[in-house]
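First comes the structure, then the notes that go with it.
Residue numbers (the numbering used here), protein chains in the order written: chain A, 5 to 328; chain B, 21 to 364.
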């Protein structure tokens with residue numbers, strides 16, 4: 005397996021009341037060709053900022069403070085701006101939640117795909133247009149040749165997301181970063197887009213990093229899952245293991261509180277309290293004030309990884325359990 | 021419940037009965053801003069909810085489910101239909117007569133930040149309606165009531181002098197619920213009330229709504245696109261597509277054996293959470309047509325996997341099923357099995 009993405013010790017920070025406040029803290033990730041890794045967590049956990057940092061798109065005044073990001077062997081943080089521009093799109097494409105805000109409303113969608121193709125390859129307009137039509141067909145846009153001339157507002161939400169996927173695929177990237185790609189879509193349309201993502205991954209051997217808050221979507225498309233809480237990855241594992249036998253109390257709590265899994269009318273298990281905001285992260289394990297398994301070390305020491313077969317977890321309680 | 025009808029015959033009367041509700045919005049154009057088309061947001065919708073029960077109104081964006089909720093309160097004016105609430109037709113009431121009814125029919129919206137005045141303190145937000153309806157004889161009595169309500173929704177009454185922005189999203193939704201409860205409503209319309217919340221917060225709010233229903237005998241109309249939430253809390257479910265209810269029935273039966281092909285497609289599309297069983301199915305191809313030009317015949321026929329010739333020509337009525345109703349020719353108990361498409 006070729007390693008397409010490797011992240012080590014990534015720190016992303018924003019200025020806060022008391023100096024710079026990390027929103028992503030010492031994050032490690034790895035992803036192989038043909039694999040789909042889901043990065044899951046609730047709002048404010050830092051998953052979207054992680055995605056943006058992978059293409060050095062963190063908006064000011066945020067910045068990457070530390071860490072190493074390698075995409076297809078290239079050290080992203082060492083790249084100069086022109087080399088970075090080539091890498092974006094060519095090695096890693098990205099799609100976002102709101103296709104409308106990512107598409108230029110005054111340009112026909114075909115022109116936007118053609119632009120993406122010609123940014124990365126020396127081809128004429130006609131050839132690029134032919135390729136754009138092929139891409140449209142590939143992502144399941146009906147009447148592709150005609151739809152090239154449509155403006156974004158003439159397309160439905162699902163079709164716009166397909167256009168975004170076509171643009172992201174224009175330069176045949178090794179890595180597709182998809183940040184909540186179906187969150188704005190209705191469930192029947194979401195099913196279509198998820199099916200498309202599965203097909204593309206199978207046909208192209210692309211690696212996919214999927215950012216989502218929805219564990220159902222994780223189950224549908226991921227091979228591996230990384231769960232984030234308060235800027236840190238707290239559990240990583242294969243999909244079946246993580247959804248079937250999660251070890252971190254936060255992951256367990258998340259899974260239990262999903263109403264679709266609860267018996268009708270029974271009380272839903274709750275995670276007490278709310279997600280702490282960046283800058284107000286508790287000491288020690290950041291989940292400890294909400295954790296049902298909290299004990300003394302959790303309050304003082306940030307837990308290190310504990311390795312288990314097929315998964316790893318940052319939790320003192322799990323570490324103690326294994327040690328005894 | 022003083023306004024509730026009494027006597028044996030009235031027991032069968034639901035708290036809310038909606039008949040033939042129609043809310044169309046004009047699409048205006050030209051210098052004179054004349055309507056050039058109508059968006060049929062709600063098109064002949066009928067349902068009822070028994071006191072103390074929860075009806076979920078589900079569907080995808082643009083199906084008209086939110087317009088139904090707003091029409092009931094006459095936040096938008098329906099063109100036709102009847103809305104019987106506690107035995108009174110709300111659509112026939114003059115605005116002045118509607119006011120006291122609104123007290124007993126409250127609404128909780130999706131975005132708590134947008135529905136809370138950022139310049140008002142929480143105490144005043146919750147007490148505002150009490151004052152308007154003359155609940156509580158003095159400011160201090162109302163403050164006491166606010167404190168009790170905040171405690172009831174598990175907020176710290178000591179925080180009643182704070183502003184909405186000082187609270188988290190889940191806490192703000194609790195404030196909205198406290199405000200709704202302040203007027204002692206019988207029916208609460210929850211319009212995507214938990215949709216903007218993270219799953220760990222959503223479960224807290226769902227538990228709260230469930231507890232309040234048991235304690236206060238509240239009746240809920242739960243408008244949502246989230247089928248997991250529906251399965252968990254609804255007694256009955258009405259599924260909407262392009263302005264119409266296409267299927268209605270008890271939640272348990274509807275999830276176990278959906279009758280209408282749209283309901284079937286909707287349920288098949290929901291991502292599975294079972295690690296041993298993945299792959300939701302995209303069973304309804306294509307996009308939802310515009311509600312200003314719904315397809316002739318059955319409105320779902322352009323996307324239906326079981327479409328046959330009649331569906332494009334004739335609009336199916338709501339057929340009674342074992343425990344509910346389905347707007348599909350395949351649900352017609354009198355008809356021989358037609359030349360339907362491939363079986364699912």
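Glycine included, each C-beta is placed from N, C-alpha and C at the ideal position.
Evaluate residue 300 (chain A) with the Cβ neighbour count: other Cβ atoms within 10 Å of its Cβ, from every protein chain shown; 16 or more gives buried, anything less gives exposed.
exposed
Chain-ordered chain B contacts of residue 160 (chain A) [CB-CB under 8 Å]:
307 and 308
Return no unless some Cβ of chain B is closer than 8 Å to the Cβ of residue 196 (chain A).
yes
Helix, strand or coil, according to DSSP, for residue 205 (chain A) in the structure here?
helix
Going straight from the alpha carbon of residue 163 (chain B) to that of residue 83 (chain B), what length do you get?
41 Å
Any contact between the stretch 305-315 of chain A and the stretch 64-78 of chain B? By contact I mean 3 or more CB pairs, one from each, below 8 Å.
no
Would you kindly work out how many angstroms separate the C-alpha atoms of residue 259 (chain B) and residue 247 (chain B), rounded to a whole number?
10 Å
Beta-carbon neighbours of residue 190 (chain B), restricted to chain A and to distances below 8 Å
278
If residue 8 (chain A) and residue 26 (chain A) are in contact, beta carbons under 8 Å, what's the gap, nearest whole angstrom?
Not a contact, Cβ separation roughly 26 Å.
Check whether the stretch 74-85 of chain A touches the stretch 130-145 of chain A, counting contact only when three or more Cβ pairs, one atom from each stretch, lie closer than 8 Å.
no
Beta-carbon neighbours of residue 191 (chain A), restricted to chain B and to distances below 8 Å
80, 245, 247, 286, 289 and 290
Give the range of the alpha helix (DSSP H) segment to which residue 180 (chain B) is assigned.
Taken as a continuous stretch (DSSP letters only), residue 180 (chain B) belongs to no alpha helix (DSSP H), as it is neither H nor E.
Could I get the ranges of all uninterrupted alpha helix (DSSP H) runs contained in the stretch 10-87 of chain A, with 4 residues as the minimum, in chain order?
51-57
Test: residue 145 (chain A) CB closer than 8 Å to a CB of chain B:
no
Any beta-carbon of chain B closer than 8 Å to the one on residue 247 (chain A)?
yes
Go ahead and label residue 188 (chain A) buried or exposed: buried means 16 or more other beta carbons lie within 10 angstroms of its beta carbon, across all protein chains shown.
buried
Residue burial classification, residue 294 (chain A) (beta-carbon count within 10 angstroms, cutoff 16)
buried
Does any CB atom of chain B fall closer than 8 Å to the CB of residue 150 (chain A)?
no
List, in chain order, every chain A residue whose beta-carbon is nearer than 8 Å to that of residue 218 (chain B).
46, 47, 217 and 279
Secondary structure of residue 316 (chain A), DSSP reduced to three states:
strand
Report the rounded CA-to-CA distance for residue 294 (chain B) versus residue 283 (chain B), giving the unit in angstroms.
21 Å
Any beta-carbon of chain A closer than 8 Å to the one on residue 302 (chain B)?
yes
Cα-Cα separation, residue 11 (chain A) to residue 266 (chain A):
36 Å
Quick test of your reading: residue 121 (chain B) and residue 191 (chain A), contact by CB under 8 Å. State the CB separation rounded to the nearest angstrom.
Rounded, the Cβ-Cβ distance is 35 Å, inconsistent with contact.
DSSP on residue 353 (chain B), reduced to helix/strand/coil?
coil
For residue 5 (chain A), does the count of other Cβ atoms within 10 angstroms reach 16, so buried, or fall short, so exposed?
exposed
For residue 280 (chain B), go through chain A and note every residue whose CB falls closer than 7 Å to its CB, in chain order.
The premise fails here: residue 280 (chain B) is roughly 13 Å from chain A at the closest Cβ pair, so nothing lies under 7 Å.
Pick out whichever of A:108, A:100 and A:177 has its Cα sitting closest to the Cα of residue 94 (chain A).
A:177
Assess contact between the stretch 103-111 of chain B and the stretch 130-137 of chain B, defined as three or more Cβ pairs (one per stretch) separated by less than 8 Å. Is contact present?
no
Just how far apart, CA to CA, sit residue 220 (chain B) and residue 274 (chain A)?
6 Å
Based on the DSSP output, what are the partners of residue 256 (chain B) in its beta bridges?
B:75 and B:270
For the stretch 101-156 of chain A, which segments carrying the beta strand (DSSP E) assignment without a break, of at least 3 residues, lie completely within its bounds, in sequence order?
none
For residue 214 (chain A), name the three-state secondary structure that DSSP assigns.
strand
Using a C-beta to C-beta distance shorter than 7 Å, which residues of chain A count as neighbours of residue 295 (chain B)?
223, 243, 244, 247 and 248
What in chain A is Cβ-close to residue 226 (chain B), meaning under 7 Å?
263 and 272
At a Cβ threshold of 8 Å, is residue 209 (chain B) touching chain A?
no
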